[in-house]
Each structure stands twice: as structure tokens, then as C-alpha cells.
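*Asks:* Just dropping this structure here.
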Amino acid sequence: MSITPAMIKELREQTGAGFGDVKSALTEANGNMEEATKILRKKGLAAASKKAGRVTAEGTVVAHVAGDTGVLVEVNCETDFVGRNENFRAFAGEVAKAVAQSSASTVEDFLNETWPGGSETVGQKVAEQIASIKENISIRRFARYQSPQSAVIGTYIHGGGKIGVMVEVIGVAGNTATAEVAKDIAMHIAAAEPRFLSRADVTQKDLDTEREIALDAALKSGKPQNIAEKMVAGKMEKFYAEACLLEQPYIRDDKSTVSQYVQRRGKDAGCELVVTRFTRYKLGEGIEKKSEDFAAEVASYMK
């Protein structure tokens, strides 16, 4: 059976596979579209395994809120070129929606779940995308909030997915002030990079490290032990103001802390507002990236 351009076009649209791969599959399947699709899927999964292990430090951070469920997901690829690809970004958005419907608490568990509305697993769906885009793709991490009725989940994505924030604010559902504060605080978190919600959330390990560094610096400057101890107390207050969200100067009004801003907005709205938790993802943080010029990036994409 002869393979027509229309058949190739149809199968490419259905599978997202490349021209040569589609033509070869149709030839092998003697023009049978269903069989050719199976061949492509088998090859796709094989191609995916070859690309596994490549560094995935680019990609996007995506947020999705549906009712009382909020999700923040980081999906990685190898190059910024693919990270801007519409198909890749659409897939990342679908991943966020799938996480919202999932009960998995880890990426590993999520990959073994069935893709919503399909028969394949999430992991197999990722493998199909790898075969289509021809670059390693990984779902790196996600956070999912299941919030009470009185809460609002605020999200903010900066730089087209370079930074993503999700924050939960308890107040009055449907109250404009609650939603506005959630959005404002999400934007603040993106810019100010807090590590903890409040000083009560700072780990003992972090406290010990900060105190040790501060005391060592004070003693090396020649201060006696009793004066050095007092200096440490001052240094720790500065640490809390830098690292704890509620004690940071609010980025739009540095005369107020975030906590004071939230309290003021709640008082104006006639309800108590409380920031209860947040998640901030910076794309690729902690992943060692290899440097490539743009020409090399395009060339790798074309392979």
C-alpha cells in the first residue's frame, strides 16, 4: 500500500512524532494507522529511555487552582528552547491539573498513577512527550494544598515560569480583601525569597548555624564573651527579619512588616486574615546546569 502525504500528516497530528518516524511506521505497518501508532508508541518509549539521565534544568513552573485545591508544579526539560515550546508548556499545564486530581504525595507515586481520562500511567505520558519533543522531560516536584472553606489560595508566576509561588490565606471565602492579600503576598514571596513562614518554623539546625556564625564573627572582632552574646541576639533578629515571611518588610511598604500589612488589610475588611503556609519554586534551583550557546541549543533540539 502506498503511503500518501495525507496519511503522514494525519498520523503526525495524532502522535506529534517527526516526519521520518511517521513515514517509517506507516511503511512498516503497511499503511495501517492503528498499527503504525502502536509502532510509534513502542519506539517512543524506547527513545525516552535513551534520553533519561540527561540534565533537565530548564522548563517551567505552573500553578493551578480549582475550588479548594491549589497546585504548584515544576516540570523540567533540557533546554530553554523547548521550555518555551507551546506543546511543552501545554503539557506542563495538564500535569498541574492531573496533580490536582491526584492523591499522590510524591512524584514517584504520581508517575505510577493513571493519567486522567486515559489508560496509560503518568510516567508513560511523560515518555510519550519525550519521544515527541525529543528531549528529556521530568516532573521534578509539586505542592498541593487542600484548603478549608474559609481560605483563599493565591498564586503568582513570574518570568514566564521562572519563579512560582502558592500561598494560603485564611479569612472569609469570597471576600475581595482575602483574595487581594493572597495575591499581594504571593508576589512579595516571589521577590523577597523567605525561607520560613515565621520564627516558630525555623529549624533548630538553622538556628544553631546562624548563632554559631554570628558568635564566631563577634569573637573574632575582639569583643569579650558577654558583649559577643548580646551581638548574637541582635544578629538573630536581623536573620528573622530576612528569612521569615511574616517578619520581612513588606515589599510595597517597607515601613510595615508582612504581618502588619495583613493585619491592617484584615481590620479594614472587618475580618481576621492569617497567612498559614506558602511554597516558592525557582526553576532549576539546585540543579547543576551545563552551558550551551544558542546555536548548540538549536542543534541539540534538531537531533
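The sequence shown begins at 516 in this note's numbering and counts up one residue at a time.
Built from N, CA and C at the ideal position, the CB exists for glycine as well.
(1) Relative to the C-alpha of L788, which candidate in G535, S774, A613, A615 has its C-alpha closest?
(2) Output the distance between the C-alpha atoms of I802 and A646, rounded to the nearest integer angstrom.
(3) Which one or two residues does DSSP pair with C592 in a beta bridge?
(4) In this structure, how does DSSP classify G669 when only helix, strand and coil are distinguished?
(5) For the region 717-784, list the beta strand (DSSP E) runs that are entirely contained and at least 3 residues long, ordered along the chain.
(6) Identify the residues that DSSP records as bridge partners of K490: which are they?
(7) CA-CA distance, G686 and Q639?
(8) I'd like to check one pair, L541 with V680: are the Cβ atoms closer than 9 Å?
(9) Can you find the residues in the same chain that come closer than 8 Å, C-beta to C-beta, to V747, ignoring five residues on each side of it along the sequence?
(10) Check each candidate in F754, E589, L761 and name the one with the smallest Cα separation from I700.
(11) Determine the contact status of M522 and N545, defining contact as a CB-CB distance below 9 Å.
(12) Taking the straight line between their C-alpha atoms, what separation do you get for A758 and D721?
(13) Could you have a look at G598 and say whether DSSP puts it in helix, strand or coil?
(14) R780 to A697, Cα distance in whole Å?
(15) Taking the CB atoms as reference points, tell me whether V684 and A666 lie closer together than 9 Å.
(16) State the DSSP-derived secondary structure class of A694, mapped to helix, strand or coil.
(17) Below 8 Å on the Cβ atoms is my guess for T670 versus A578; work out the distance and round it to an integer in Å.
(18) State the DSSP-derived secondary structure class of V622, mapped to helix, strand or coil.
(19) Identify the continuous alpha helix (DSSP H) that holds E683 and give its terminal residues.
(20) What are the start and end residues of the beta strand (DSSP E) that includes I654?
(21) Classify S662 as buried or exposed, calling it buried when 16 or more other Cβ atoms lie within 10 Å of its own Cβ.
(22) Would E650 be called buried (16 or more neighbouring beta carbons within 10 Å of its own) or exposed?
(23) May I have the straight-line CA-CA distance separating N602 from I654, to the nearest angstrom?
(24) In chain order, what residues of the same chain lie with their CB nearer than 7 Å to the CB of T636, ignoring the 5 residues before and after it?
(25) Can you give me the C-alpha to C-alpha distance between E549 and A619, rounded to a whole angstrom?
(26) Within 10 angstroms of its Cβ, does A756 collect 16 or more other Cβ (buried), or is it exposed?
(27) Keeping to the same chain, check which residues put their C-beta closer than 6 Å to that of L560; ignore five residues upstream and five downstream.
(28) What do you get for V664, buried or exposed, if any count of 16 or more other CB atoms within 10 angstroms of its CB means buried?
(29) What's the C-alpha gap between E623 and E708?
(30) Taking 7 Å as the limit between beta carbons, can you name the residues of its chain near Q644, skipping five residues before and five after?
(31) Report the partner residues of G585 according to the DSSP bridge assignment.
*Replies:* Reading from the atomic positions:
(1) For this step, residue 788 is matched to residue 273 along the sequence shown. Looking at the Cα atoms, S774 is the closest of the given residues.
(2) If you number the sequence shown from 1, residue 802 lands on position 287. If you number the sequence shown from 1, residue 646 lands on position 131. In a straight line, the C-alpha of I802 is about 23 Å away from that of A646.
(3) Against the sequence shown, residue 592 aligns to sequence position 77. E573.
(4) As a first step, residue 669 must be located in the sequence shown, where it is residue number 154. G669 falls in the strand class under three-state DSSP.
(5) 768-772
(6) Outside the shown range of the chain, which is 516 to 818, sits residue 490, and nothing can be said about it.
(7) By 1-based counting over the sequence shown, the position of residue 686 is 171. By 1-based counting over the sequence shown, the position of residue 639 is 124. Computed Cα separation, rounded: 41 Å.
(8) Taking the first residue of the sequence shown as 1, we reach residue 680 at position 165. Taking the first residue of the sequence shown as 1, we reach residue 541 at position 26. Contact: no.
(9) Counted from its first residue, the sequence shown places residue 747 at position 232. Answer for V747: R726, A729, L730, A733, listed in chain order.
(10) Taking the first residue of the sequence shown as 1, we reach residue 700 at position 185. Of F754, E589, L761, the residue nearest in Cα terms is L761.
(11) Position 7 of the sequence shown holds residue 522. Position 30 of the sequence shown holds residue 545. Cβ atoms of M522 and N545: not closer than 9 Å.
(12) For the purposes of this step, residue 758 is taken as the residue at position 243 of the sequence shown. For the purposes of this step, residue 721 is taken as the residue at position 206 of the sequence shown. Whole-angstrom Cα-Cα distance: 11 Å.
(13) Residue 598 sits at position 83 when you count from the first residue of the sequence shown. G598 falls in the helix class under three-state DSSP.
(14) Here the question's residue 780 lines up with position 265 in the sequence shown. Here the question's residue 697 lines up with position 182 in the sequence shown. C-alpha separation (whole angstroms): 11 Å.
(15) Residue 684 sits at position 169 when you count from the first residue of the sequence shown. Residue 666 sits at position 151 when you count from the first residue of the sequence shown. Yes.
(16) Sequence index remark: in the sequence shown, residue 694 carries index 179 (1-based). Three-state result, A694: helix.
(17) Counting from one through the sequence shown, the residue named residue 670 turns up at place 155. Counting from one through the sequence shown, the residue named residue 578 turns up at place 63. Right, their Cβ atoms sit about 4 Å apart.
(18) Taking the sequence shown and counting its residues from 1, one reaches residue 622 at position 107. Collapsing the DSSP output to three states places V622 in a helix.
(19) The residue given as residue 683 occupies position 168 in the sequence shown. No alpha helix (DSSP H) holds E683; the beta strand (DSSP E) holding it covers 678-685.
(20) Within the sequence shown, residue 654 is the residue found at index 139, counting from 1. Per DSSP, I654 belongs to the beta strand (DSSP E) from 653-661.
(21) Along the sequence shown, read from residue 1 onward, the residue named residue 662 stands at position 147. Buried, by the Cβ-count rule.
(22) As a working note, residue 650 is residue 135 in the sequence shown. Flag for E650 reads buried.
(23) The residue given as residue 602 occupies position 87 in the sequence shown. The residue given as residue 654 occupies position 139 in the sequence shown. Rounded to whole angstroms, N602 to I654 spans 15 Å at the Cα level.
(24) Indexing the sequence shown from 1 puts residue 636 at position 121. Cβ within range, chain order: L626, N627, E628, T629, W630.
(25) Along the sequence shown, one-based indexing puts residue 549 at 34. Along the sequence shown, one-based indexing puts residue 619 at 104. Using only the alpha carbons, I get a separation of about 33 Å.
(26) By 1-based counting over the sequence shown, the position of residue 756 is 241. Label assigned to A756: exposed.
(27) As a working mapping, residue 560 is identified with position 45 in the sequence shown. Because the pLDDT of L560 is 43, which lies under 50, any placement of that residue in the model is unreliable, and the number read from its coordinates should be weighed accordingly. Result list for L560: A642, in chain order.
(28) Against the sequence shown, residue 664 aligns to sequence position 149. The question names Val, but residue 664 is Gln in the sequence shown. Exposed is the call here.
(29) The residue given as residue 623 occupies position 108 in the sequence shown. The residue given as residue 708 occupies position 193 in the sequence shown. Between E623 and E708, the alpha-carbon positions lie close to 27 Å from each other.
(30) For the purposes of this step, residue 644 is taken as residue 129 along the sequence shown, with counting starting at 1. These residues qualify, in order along the chain: F606, I652.
(31) In the sequence shown, counting from the first residue as 1, residue 585 sits at position 70. G585 pairs with V580, Y660.
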